[in-house]
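S.K.: There's a structure below that I have some questions on.
2 protein chains.
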Amino acid sequence: MPDPAELERDLRTAGLRVTRPRLAVLDAVHVHPHLDTEALIGAARTRLESISHQAVYDVLRVLTDTGLVRRIQPQGSVARYEARVGDNHHHLVCRDCGVIVDVDCATGAAPCLMPSGDAPPDFVVDEAEVIYWGRCRSCATAPAAPSTTARPAERGNP
Amino acid sequence: MPDPAELERDLRTAGLRVTRPRLAVLDAVHVHPHLDTEALIGAARTRLESISHQAVYDVLRVLTDTGLVRRIQPQGSVARYEARVGDNHHHLVCRDCGVIVDVDCATGAAPCLMPSGDAPPDFVVDEAEVIYWGRCRSCATAPAAPSTTARPAERGNP
DNA sequence: CGGCGTTTCTTGACTGCTTCAAGGGAGCAG
DNA sequence: CTGCTCCCTTGAAGCAGTCAAGAAACGCCG
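So the protein sequences, as listed, match chains A and B.
The first sequence lines up with residues 266 to 423 when you count with our numbering.
The second sequence lines up with residues 266 to 423 when you count with our numbering.
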């Protein structure tokens, strides 16, 4: 649960104007990592009594462009957002339920790993994005996939 | 350039019926790795004089489901396909022009790396998908980004 | 070799996520 | 407080991909 004043400071530091929609969305992303845009619209509307669809899309774009939030999009999922930036962490994604879990990066700084040995032709690599695919505890024990289209959500209170 | 008979054998081995659309699409994916669906429709239409939109989507779905082709989708790109499967290789993606280059995996077998040390909670990881982001030779030397929306393509003849 | 059942392709329409565009409203410097 | 600039609202459109019904093709079998 981030301090509103701190969120405001983050916006100013990034050279952005401080508006209620931006504070609401930024707070929502902090509190609920890995939500998709639709869910973030809902989360923002619990903070403000009204905010448009489009405003949330605009805000998310600005926040990602300035690096205040990070956008992730595993195969078969819509765009999701998280506020944990700067550290070079990765994600585990459950193939069945779609839940996303953060994993720390071993080496720390980006790019945490370089293309191994032989192959890097003339590429200047600045980031290695890693997604670990597998199955979470509950989906690994329960044999059949419960949900058809995975609707990932965080562990915790909505 | 794969042998048509070999492609046919691959289809049969996977338990699929051999049809001209499937041979055309599968050949196109072999010859032109990392193409998107629209481009593959075009490539298939150079092999067959007519094939529908929908057929290509269906074929690609079946081929991915059976593991004959692999689907990749870097951030901000539409779905792309490649026929190099089985080896656990990864990709370099240029942030500017969007070109995709294969990189061999150091360790070989999937999952080539496990979530580092501390964090894997109850997850059974079976694959680690790695995308290296950076800039290719020409985009690294040329300062400004030439293309707005990246239109990745392979190096080679179309 | 030819018929039949099942799978697959064609045609056409549609969904859902995301973006474009124009105008009124809000933040912030002076 | 005033004005400039940027941001949010409203409404509509774009695009990749999907759904659905019927025709055509594959391939098993006699």
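C-beta: ideal position from N, C-alpha, C; glycine also.
What you are looking at is a predicted structure, and each value in this text was computed from that prediction instead of being measured.
Scan the region 340-359 of chain B for residues whose Cβ lies nearer than 7 Å to a Cβ of chain A and list them as they occur along the chain.
M.R.: Cβ contacts with chain A come from Q340 and L357.
S.K.: Can you give me the Cβ contacts of I365(A) inside the same chain, cut-off strictly under 6 Å, excluding the 5 residues immediately before and after it?
M.R.: Once the five neighbours on either side are set aside, the close Cβ partners of I365(A) are H299, H356, V358 and P417.
S.K.: Could you tell me if D292(B) is buried or exposed, where buried requires 16 or more neighbouring beta carbons within 10 angstroms of its beta carbon?
M.R.: The residue is buried, with at least 16 neighbouring Cβ atoms inside 10 Å.
S.K.: Going by DSSP, what residue range makes up the alpha helix (DSSP H) through R335(B)?
M.R.: R335(B) -> not in any alpha helix (DSSP H); beta strand (DSSP E) instead, spanning R335 to I337.
S.K.: Tell me which same chain residues have a C-beta within less than 6 Å of the C-beta of C212(B), skipping the five on either side of it?
M.R.: Outside the modelled stretch of chain B, which goes from 266 to 423, sits residue 212(B), for which no answer is possible.
S.K.: Could one say the Cβ of Y322(B) lies closer than 8 Å to chain A's Cβ atoms, at least one of them?
M.R.: Cβ-Cβ to chain A under 8 Å: no for Y322(B).
S.K.: Buried or exposed, going by whether 16 or more other CB atoms sit within 10 Å of the CB of G351(A)?
M.R.: Exposed, by the Cβ-count rule.
S.K.: Bridge partners for D301(A) per DSSP, in chain order?
M.R.: Answer is R345(A).
S.K.: So the candidates are I337(B), Q340(B), G332(B) and A289(B); which of them puts its Cα closest to the Cα of P267(B)?
M.R.: Closest by alpha carbon: A289(B).
S.K.: Within 10 angstroms of its Cβ, does V321(B) collect 16 or more other Cβ (buried), or is it exposed?
M.R.: That one is buried.
S.K.: Along the region 386-411 of chain B, what residues have a CB closer than 8 Å to any CB found in chain A?
M.R.: Going along the region 386-411 of chain B in chain order, one finds P386, D387, F388, V389, V390, D391, E392, A393, E394, V395, I396, Y397, W398, G399, R400, C401, R402 and A405 with a Cβ nearer than 8 Å to chain A.
S.K.: Counting contacts by CB-CB distance shorter than 8 Å, is Q319(A) in contact with chain B?
M.R.: No, because no Cβ of chain B sits closer than 8 Å to the Cβ of Q319(A).
S.K.: Determine the chain B residues that contact V334(A) at a beta-carbon separation under 7 Å, and present them in chain order.
M.R.: Within 7 Å Cβ-Cβ: nothing; V334(A) doesn't reach chain B, min ~14 Å.
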